[in-house]
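Visitor:
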Amino acid sequence: MARITAPFGPQHPVLPEPVHLNITYEDEKVVDLSPALGYVHRGLEKLAERKEYPQNVFLVERVCGICSFMHAMTYCMGIEELMGIEIPARAKYLRVFYSEISRIHSHLLWLGLFADAFGFENLFMQYWAIREKVVDLMEMTGGQRVILSSCAIGGIRRDLNAGQIEEAKNVLQQVEEGLMHLNPVMMNDYTVKKRTVGKGILNREDAICYGMVGPVLRASGVAQDLRQTGYAAYGELDFEPVVERDGDCYARALVRVRESFDSIELARQALDLLPEGEAAVKVKGNPEGETLQRVEQPRGEVLYYIKANGSKKLERLRIRTPTFAHIPGLLKMLPGCSMADVPVILLSIDPCISCTER
Amino acid sequence: MKINAIKITPEEILATVQKYFDDGYRLVTATCVDEGEKIHLIYSFDRELALQNLELCISREQGVPSISSVYACAFLVENEMKELFGIKIDDIALDLGGRLYMVKGAEEAPMARKIEEAGEGVE
């Protein structure tokens, strides 16, 4: 049968950001593909060598709008390790709180986009209506709706007062109730299952071999979540990774649905156990040495390599984002699928091109 | 965490990486640290949340073999290092020929550190 190669993206209705796949088809079946990126590459790693290390907190927040807090936190954790800074206990719990509301925000954003990818626009709007409450919570606590700038080297820049903590708990309750009402549609609806079950399967061995991370890895049966390492205050909170075994698009959606509830619970625990005291310590001097830091972002593991020479400017900042790790997995997930399933499978990795291209 | 990388040579890399693969490690990424004349490549592997690092030190002219024959997913980061830093990486399973990010006619190896840049940040 004759083969044709057709571009998917960079502009496509399911893509919020530009990614380009050259896909080869036999009839309507995908047989091969290769990725092409570069539409939004900003060279942020190189720019970080030109800025002073405290300025880079604001720079790395702009790697990705959705995971902005966790980018800043990972960078700050690295600098704090190099400088031997012990942050206050209150800051550790606040970092958990901000991380988890970022994760809820990200998962709800994805669940909406995923529903939109298979044409369920009503579900998309309902998820985003709940997400709006989380974005309002971010504004109420951090002062911004997306890029919070709450994390600082040495702790947290914006502490929470008693009123904000109470209001945050109310919002978490509302979000939980909204999700309990809405999630059965994502989990049980005939249309959703028809478009997602058995699509883009990645088994456990392939998920490891292809370097998958986060919800994609856990949807293939690997119980690995970097929060298990106990960074920030996770070591003191009750937490188990969410795992599914089928490795298809439906399993990836279920992982994110269940993780949204876990994140609500973790944010609640962080607020309930929030220690009294300062939220940050003063930072003096410059970092020296090299370190690797990993954090569990909504899309999965992010890795920061930082090399410093004792001056204000870093020698090297390297960021490996979760979507960068997920792109090779598409080479395993997509071949054999039908043309109509490409958007759904591609969305199932929760692609963030802003992160990928840094 | 500290790097604690195991130093290896380009000749040892494929056999060493194969061992990590056989032992069930996931390739996390490869990191290029460009010091001008010397380039350090750090390969990071994870198994059950424990990180292991391998480090290669090469000259700019020296090539390294691709590890994509062992870890297929390595093709992406290897294309990135080749394109942005000008590292010579041989036999990448899916070699995008310098077109992962860049377009024809663009500056070559835009993130490579020029020798006069090395140590620029030192006060």
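Those protein sequence lines, which keep their order, are chains A and B.
The numbering used here runs 81 ahead of the 1-based position in the first sequence.
The numbering used here runs 763 ahead of the 1-based position in the second sequence.
Heads up, the beta-carbon is just placed ideally off N, CA and C, and yes, glycines get one too.
1. Determine the burial state of residue 884 of chain B: buried for a count of at least 16 other Cβ atoms within 10 Å of its Cβ, exposed for fewer.
2. Taking contact to mean at least 3 C-beta pairs separated by less than 8 Å, is the stretch 787-800 of chain B in contact with the stretch 808-818 of chain B?
3. Can you check DSSP and say which residues form a bridge with residue 117 of chain A?
4. Is the beta carbon of residue 291 of chain A less than 7 Å from the beta carbon of residue 388 of chain A?
5. Beta carbon of residue 249 of chain A, beta carbon of residue 218 of chain A: below 7 Å?
6. How would you call residue 295 of chain A, buried or exposed, if buried means at least 16 neighbouring beta carbons within 10 angstroms?
7. Using 8 Å as the cut-off, can you tell me whether the stretch 224-238 of chain A makes contact with the stretch 197-204 of chain A, which would need three or more C-beta pairs spanning the two stretches below that distance?
8. Measure the C-alpha to C-alpha separation of residue 886 of chain B and residue 876 of chain B and round it to an integer number of angstroms.
9. Beta-carbon of residue 262 of chain A versus every beta-carbon of chain B: anything under 7 Å?
10. So for residue 413 of chain A, helix, strand or coil by DSSP?
11. So, residue 114 of chain A versus residue 102 of chain A, is the Cβ gap smaller than 7 Å?
12. Of all the beta strand (DSSP E) runs that stay within the bounds of the stretch 820-883 of chain B, which reach a length of 3 or more residues?
13. Any beta carbon of chain A sitting closer than 7 Å to that of residue 779 of chain B?
14. Along the chain, where does the alpha helix (DSSP H) that runs through residue 163 of chain A open and close?
15. Beta-carbon of residue 791 of chain B versus every beta-carbon of chain A: anything under 7 Å?
16. What residues from chain A crowd round residue 872 of chain B, counting only those whose CB sits closer than 7 Å?
17. First and last residue of the beta strand (DSSP E) that includes residue 296 of chain A?
18. When the Cα atoms are used, what is the spatial distance from residue 779 of chain B to residue 363 of chain A?
19. Taking 8 Å as the threshold, find out whether the stretch 340-360 of chain A comes into contact with the stretch 179-187 of chain A through three or more Cβ pairs.
20. Looking only at its own chain, which residues have a Cβ that is under 6 Å from the Cβ of residue 210 of chain A, when we skip the five neighbours before and after it?
21. Taking residue 307 of chain A as the reference, which of B:767, B:866, B:791 has the closest Cα?
22. Check the DSSP bridge columns for residue 383 of chain A and list the partner residues they point to.
23. What's the C-alpha gap between residue 262 of chain A and residue 341 of chain A?
24. Leaving out the 5 sequence neighbours to the left and right, which residues in its chain are closer than 7 Å to residue 126 of chain A when beta-carbon positions are compared?
25. So, is residue 379 of chain A buried or exposed, given that buried needs 16 or more other C-beta atoms within 10 angstroms?
26. What are the start and end residues of each continuous alpha helix (DSSP H) run of 4 or more residues lying completely inside the stretch 280-366 of chain A, in chain order?
27. Measuring CB to CB, does residue 172 of chain A end up less than 7 Å from residue 314 of chain A?
28. Using Cβ-Cβ distances below 9 Å, what residues of the stretch 368-384 of chain A are close to chain B?
29. Looking at the C-beta of residue 794 of chain B, does it have a partner C-beta in chain A at a distance below 7 Å?
30. Under 9 Å Cβ-Cβ, which residues of chain A neighbour residue 823 of chain B?
31. Could you say which of A:159, A:252, A:110, A:317 lies nearest to residue 170 of chain A if we only look at CA atoms?
32. Three-state secondary structure (DSSP) at residue 800 of chain B?
33. Could you tell me which chain A residues have their CB closer than 8 Å to the CB of residue 836 of chain B, listed as they occur along the chain?
34. Taking residue 767 of chain B as the reference, which of A:141, A:254, A:371 has the closest Cα?
35. Report the residue from A:336, A:91, A:159 whose alpha carbon sits nearest the alpha carbon of residue 138 of chain A.
36. Would you tell me roughly how many angstroms separate the C-alpha atoms of residue 833 of chain B and residue 305 of chain A, rounded to the nearest one?
Guide: Based on what the coordinates show:
1. If you number the second sequence from 1, residue 884 of chain B lands on position 121. Annotation note: pLDDT 47 at residue 884 of chain B (below 50); position unreliable, no value reported.
2. By the Cβ rule, the stretch 787-800 of chain B counts as touching the stretch 808-818 of chain B, because three or more pairs are nearer than 8 Å.
3. The residue you call residue 117 of chain A lines up with position 36 of the first sequence. Paired residue(s): A:101.
4. Numbered from its first residue, the first sequence carries residue 291 of chain A at position 210. Numbered from its first residue, the first sequence carries residue 388 of chain A at position 307. A distance of 7 Å or more separates the beta carbons of residue 291 of chain A and residue 388 of chain A.
5. Locating residue 249 of chain A in the first sequence gives position 168, where the first residue counts as 1. Locating residue 218 of chain A in the first sequence gives position 137, where the first residue counts as 1. Yes; because the gap between Cβ atoms is below 7 Å, this pair is in contact.
6. Within the first sequence, the letter at position 214 stands for residue 295 of chain A. The residue in question, residue 295 of chain A, is buried, as its Cβ has 16 or more Cβ neighbours within 10 Å.
7. no
8. The residue labelled residue 886 of chain B in the question sits at position 123 within the second sequence. The residue labelled residue 876 of chain B in the question sits at position 113 within the second sequence. At residue 886 of chain B, the pLDDT of 39 sits below 50, so the modelled position is not reliable; the number obtained from the coordinates is stated separately. If I take the Cα positions, the gap works out to 18 Å.
9. On the first sequence, position 181 is the one that residue 262 of chain A refers to. It does not; no Cβ of chain B falls within 7 Å.
10. Looking up residue 413 of chain A in the first sequence gives position 332. Residue state, collapsed to three classes: helix.
11. Indexing the first sequence from 1 puts residue 114 of chain A at position 33. Indexing the first sequence from 1 puts residue 102 of chain A at position 21. Yes, the pair counts as a contact, with Cβ atoms nearer than the cut-off.
12. 826-828, 851-853
13. Start at 1 with the first residue of the second sequence, and residue 779 of chain B comes out as number 16. It does not: the Cβ of residue 779 of chain B has no partner Cβ on chain A nearer than 7 Å.
14. Residue 163 of chain A sits at position 82 when you count from the first residue of the first sequence. Per DSSP, residue 163 of chain A belongs to the alpha helix (DSSP H) from 149-164.
15. Counting from 1 along the second sequence, the entry for residue 791 of chain B is found at position 28. True, the Cβ-Cβ gap to chain A drops below 7 Å.
16. Within the second sequence, the letter at position 109 stands for residue 872 of chain B. Listed along chain A, no residue sits closer than 7 Å to residue 872 of chain B by beta-carbon distance, the nearest being about 11 Å off.
17. Against the first sequence, residue 296 of chain A aligns to sequence position 215. Careful: residue 296 of chain A lies outside any beta strand (DSSP E), inside the alpha helix (DSSP H) at 295-299.
18. Counting from one through the second sequence, the residue named residue 779 of chain B turns up at place 16. Counting from one through the first sequence, the residue named residue 363 of chain A turns up at place 282. Cα to Cα, residue 779 of chain B sits roughly 44 Å from residue 363 of chain A.
19. yes
20. Walking along the first sequence from the start, residue 210 of chain A turns up at place 129. None.
21. Along the first sequence, one-based indexing puts residue 307 of chain A at 226. Per the Cα distances, B:791.
22. The residue labelled residue 383 of chain A in the question sits at position 302 within the first sequence. Looking at the DSSP assignment, residue 383 of chain A forms a beta bridge with A:376.
23. Taking the first residue of the first sequence as 1, we reach residue 262 of chain A at position 181. Taking the first residue of the first sequence as 1, we reach residue 341 of chain A at position 260. Those two C-alpha atoms are separated by around 13 Å.
24. Numbered from 1 along the first sequence, position 45 holds the residue referred to as residue 126 of chain A. Same-chain partners within the cutoff: 398, 399, 400, 439.
25. Here residue 379 of chain A corresponds to residue number 298 of the first sequence, with the count starting at 1. With 16 or more Cβ atoms within 10 Å of its Cβ, residue 379 of chain A is classed as buried.
26. 285-290, 295-299, 330-353
27. For this step, residue 172 of chain A is matched to residue 91 along the first sequence. For this step, residue 314 of chain A is matched to residue 233 along the first sequence. No; because the gap between Cβ atoms is not below 7 Å, this pair is not in contact.
28. The residues in question are 370, 371, 372, 373, 374, 375, 382, 384.
29. Here residue 794 of chain B corresponds to residue number 31 of the second sequence, with the count starting at 1. Yes, residue 794 of chain B lies at the interface with chain A (some Cβ there is under 7 Å from its Cβ).
30. Mapped onto the second sequence, residue 823 of chain B falls at position 60. In chain order: nothing, as chain A lies at least about 16 Å away.
31. Looking up residue 170 of chain A in the first sequence gives position 89. For the options A:159, A:252, A:110, A:317, the alpha carbon positioned closest to that of residue 170 of chain A is the one of A:317.
32. Locating residue 800 of chain B in the second sequence gives position 37, counting from the first residue. Residue 800 of chain B: coil per DSSP, three-state reduction.
33. Here residue 836 of chain B is taken as the residue at index 73 of the second sequence, counted from 1. Here the neighbours are 290, 291, 292, 406, 409, 410.
34. Residue 767 of chain B sits at position 4 when you count from the first residue of the second sequence. Among A:141, A:254, A:371, the Cα nearest to that of residue 767 of chain B belongs to A:371.
35. On the first sequence, position 57 is the one that residue 138 of chain A refers to. Comparing Cα-Cα distances from residue 138 of chain A to each of A:336, A:91, A:159, the minimum goes to A:159.
36. Stepping through the second sequence from its first residue, residue 833 of chain B is reached at position 70. Stepping through the first sequence from its first residue, residue 305 of chain A is reached at position 224. Near 22 Å, if we compare the C-alpha coordinates of residue 305 of chain A and residue 833 of chain B.
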